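Student:
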Amino acid sequence: MNFKTILCEEFLISETDMEKAQNFQLKFGGRLEQILVNMGSLSDDQVPILLSRCLNIPLFEDDKWANSPIPKVTEDELCFLLNNSWLPLNIEGTNWTFACVYPLELQVNEWIIKKGINAQVLIATETQLQILSTRYNSFDNNTDDFEFQGDEEDKLRELATEAPIVNLLNSLISRALREGASDMHLEPYEGRYRVRYRIDGVLHEVERLALKMQMPLVTRLKILSGMDIAEKRRPQDGKIEMKISNQEIDIRVSALPLNDGESVVMRFLRKDNVRYDMSVLGLSEDIESLIRQDIKATSGVVLLTGPTGSGKTTTLYTFLNALNSDDVKIITLEDPVEYQLPGINQVQVNSDIGFDFSAGLRSIVRQDPDVIMLGEIRDKETAQIALQSALTGHLVFSTVHTNDAASAYTRLLDLGVEEFLLNAALVSIVAQRLARKICPNCSEKHPDSELLIRKYQLTELSHKYSLPKIDLRVGKGCESCSYTGYKGRMAVIEYLSCDDKIKAIPKDSDFIQKAKLHNSQSNRRTLFEDGLYKAVLGFTTIDEVIRVAG
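Read left to right, the sequence shown gives residues 1 to 550 (UniProt numbering).
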């Protein structure tokens with residue numbers, strides 16, 4: 001089976017992409033698999049498997065070489081091999097074992113023949129090779145402190161565009177996307193450059209690179225995201241648009257100067273794989289029916305509350321998507337616009353030119369919208385315009401940062417909004433957290449079910465909400481969930497309807513307690529109770545509920 005056939009049949013490369021890649025290769029040269037990676041048709045982490053399959057060469061396995069002694073080579077030999085993405089693993093006379101990214105590298109093969117080396121080759125990823133290189137002290141400690149003057153900046157730019165750095169960054173991004181990470185963090189830590197992924201809201205360390213990789217990696221990211229590579233003293237923000245493994249990706253990049261380097265955080269916004277559907281949120285039936293009723297109102301304000309990263313924007317987009325039709329005009333005002341929604345007019349604020357939320361909202365109401373989505377209520381003017389818009393026939397969605405639903409009232413009062421305006425305009429308030437779901441592939445009955453049922457009074461809770469049975473479960477960990485026991489997230493909700501009884505309660509220091517009591521008497525759950533409700537149904541664990549809502 002030839003190279004092209006393997007690519008098409010085993011790696012599912014389309015005939016169209018293959019033809020484009022071959023035409024590019026004929027015109028400009030280069031390796032076919034690398035062209036496909038650059039096109040976004042082939043994942044960078046699939047290349048070693050492809051080469052191993054085609055050349056019948058085994059793959060490098062980290063575990064087998066983790067504690068092997070470092071072979072002695074000269075610095076010139078080491079630099080030559082590393083510049084060609086090769087590295088010696090073991091040397092016994094003329095018998096050398098190498099890890100390499102591309103086994104057919106001509107210069108290295110000529111060097112091997114010239115030295116009379118009997119070579120055994122293992123195919124590794126660029127990331128594996130860079131981590132291996134940190135074991136060579138002479139190379140690992142060679143960390144240049146660049147001064148950004150004259151041609152040094154050009155040298156750094158050239159270093160950041162060399163194949164090893166480009167391939168390493170592509171490999172880290174591909175792996176992050178494959179593992180479902182929402183963010184990737186790069187930061188100096190204990191003499192290394194640490195790489196962490198945020199998966200389902202929790203950070204996991206995945207690699208520790210040599211500290212010398214910090215400058216070229218950060219520079220590469222700054223070049224791609226349009227930042228100033230010479231600026232290391234001030235925070236910077238940028239954006240990258242790319243296609244990786246047939247996925248359209250927007251990456252928001254933030255660089256922050258630290259005492260010992262720079263921290264870079266990349267947030268992945270997937271364009272193709274996002275579904276704004278109520279069923280995806282994981283709402284319980286009783287809450288979903290109440291929310292669907294609220295968003296059908298012709299006017300009023302529906303507020304979402306919760307900390308950063310609690311999924312408020314995704315939930316708002318889901319509400320808008322449920323209302324999106326040809327006979328409804330929807331305008332959003334966001335900072336920034338994260339996802340493009342077809343059929344919806346999305347506006348991005350720009351504080352640098354004075355176009356903030358309040359100015360944008362004044363302009364939006366002149367556009368005759370039926371529904372307005374405001375990214376966040378941050379000040380008195382924005383809050384008043386939003387609430388007054390609701391009183392003039394608009395349905396308004398927005399967010400505030402509070403710990404629970406009832407606290408949204410006190411937050412808006414603190415901003416200076418009049419109590420009568422809140423009572424007249426608010427329809428409902430939804431407090432939200434995101435809890436990780438138990439991995440369906442390794443879910444099993446919780447070994448301490450009886451103890452947890454007694455401790456958290458789950459029998460009473462299941463009777464109160466007419467749940468058929470108590471099914472506490474836990475994920476034991478498998479390859480599908482990277483041995484965490486969790487895969488995916490769901491919303492944990494506290495719903496507060498701004499009904500006549502809530503409006504009648506004075507908005508004083510006792511309001512929050514009275515509102516919670518009213519909610520309980522109306523058979524509605526707190527955040528913690530809703531988490532327990534979903535744990536009883538076997539969707540998440542009590543440990544996870546305590547983490548996000550305890």
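The beta-carbon is built from N, C-alpha and C at its ideal position, and this holds for glycine as well.
Bear in mind the structure is a predicted one, so any value in this text is a computation, not a measurement.
Would you mind working out which of Cys100, Ile117, Leu122 and Asn2 sits nearest Gln130, comparing C-alpha positions?
Tutor: Cys100
Student: How do the segment 481-494 and the segment 511-530 stand: do at least 3 beta-carbon pairs fall below 8 Å, yes or no?
Tutor: Result yes; three or more Cβ-Cβ pairs closer than 8 Å.
Student: CB-CB under 6 Å to Leu122, same chain, minus the five flanking residues each way: which ones, in chain order?
Tutor: Pro58, Phe60 and Ala99
Student: From the DSSP output, in three-state form, read off His463 for me.
Tutor: helix
Student: Assuming contact is defined by CB atoms lying nearer than 8 Å, are Asp45 and Ser133 in contact in what I supplied?
Tutor: no
Student: What do you reckon, are the CB atoms on Ile377 and Ser398 nearer than 8 Å?
Tutor: Less than 8 Å separates the beta-carbon of Ile377 from that of Ser398.
Student: Count the other C-beta atoms from every protein chain shown that fall within 10 angstroms of the C-beta of Tyr102, then say buried if there are 16 or more, exposed otherwise.
Tutor: buried
Student: Quick one: grab the DSSP three-state call for Met227.
Tutor: Met227: coil per DSSP, three-state reduction.
Student: Identify, in the order they occur along the chain, each residue of the same chain with its Cβ nearer than 6 Å to the Cβ of Tyr483, setting aside the five sequence neighbours on each side.
Tutor: Gly477
Student: Buried or exposed: Asn84, going by 16 or more other Cβ atoms within 10 Å of its Cβ?
Tutor: Asn84 sits buried, since 16 or more C-beta atoms from the chains shown fall within 10 Å of its C-beta.
Student: Do you know how far the Cα of Gln107 is from the Cα of Gly150?
Tutor: Caution is warranted here: a pLDDT of 48 is assigned to Gly150, below 50, making its placement in the model unreliable, and the coordinate value is therefore given only provisionally. Taking the straight line from one Cα to the other gives about 32 Å.
Student: Runs of 4 residues minimum, wholly inside the segment 240-286: which ones carry the alpha helix (DSSP H) assignment?
Tutor: 278-281
Student: Contact defined as beta carbons within less than 8 Å: I believe Thr314 pairs with Arg436. What is the distance between those atoms, to the nearest angstrom?
Tutor: Rounded, the Cβ-Cβ distance is 15 Å, inconsistent with contact.
Student: I'd like to confirm the pairing. Which residues does DSSP put opposite His185 in its beta bridges?
Tutor: Arg196 and Val265
Student: Go through its chain and collect everything with a Cβ distance to Ala383's Cβ below 7 Å, but skip five positions before and after it.
Tutor: Ile377, Leu412, Leu415 and Val417
Student: For the beta strand (DSSP E) holding Gly360, just list the boundary residues, first then last.
Tutor: Per DSSP, Gly360 belongs to no beta strand (DSSP E); it is in the alpha helix (DSSP H), Phe357 to Ile364.
Student: Excluding the five sequence neighbours on either side, which residues of its own chain have a C-beta within less than 8 Å of the C-beta of Ile453, listed in chain order?
Tutor: Around Ile453: Thr459, Ile470 and Leu472.
Student: Determine the closest residue to Ile91 out of Pro71, Glu110 and Gln22, with distance taken between C-alpha atoms.
Tutor: Pro71
Student: Count the other C-beta atoms from every protein chain shown that fall within 10 angstroms of the C-beta of Pro48, then say buried if there are 16 or more, exposed otherwise.
Tutor: buried
Student: Considering Cα atoms alone, identify which of Lys501, Asn523 and Arg525 is closest to Lys514.
Tutor: Lys501
Student: Using three-state DSSP, classify Gln149 as helix, strand or coil.
Tutor: In this predicted model, Gln149 has a pLDDT of only 47, less than 50, meaning its place in the structure is not dependable; the value taken from the coordinates is given anyway. In the three-state DSSP reduction, Gln149 falls in the coil class, being neither helix nor strand.
Student: Excluding five sequence neighbours on each side, which residues of the same chain lie with their C-beta closer than 7 Å to the C-beta of Leu172?
Tutor: Thr127, Met184 and Val195.
Student: If you follow the alpha helix (DSSP H) that Met18 is part of, which residue opens it and which one closes it?
Tutor: Glu15 to Phe28
Student: Kindly give me the distance between the Cβ atoms of Asp356 and Gln348, rounded to whole angstroms, as I take these residues to be in contact under 8 Å.
Tutor: With 8 Å as the limit, Asp356 and Gln348 do not qualify as a contact, their Cβ atoms being about 11 Å apart.
Student: Indicate whether the contact test is met: 3 or more Cβ pairs, each with one atom in the segment 294-309 and one in the segment 324-338, closer than 8 Å.
Tutor: no
Student: Pairing CB atoms from the segment 439-449 with CB atoms from the segment 399-409, are three or more of them under 8 Å?
Tutor: The segment 439-449 vs the segment 399-409: no contact.
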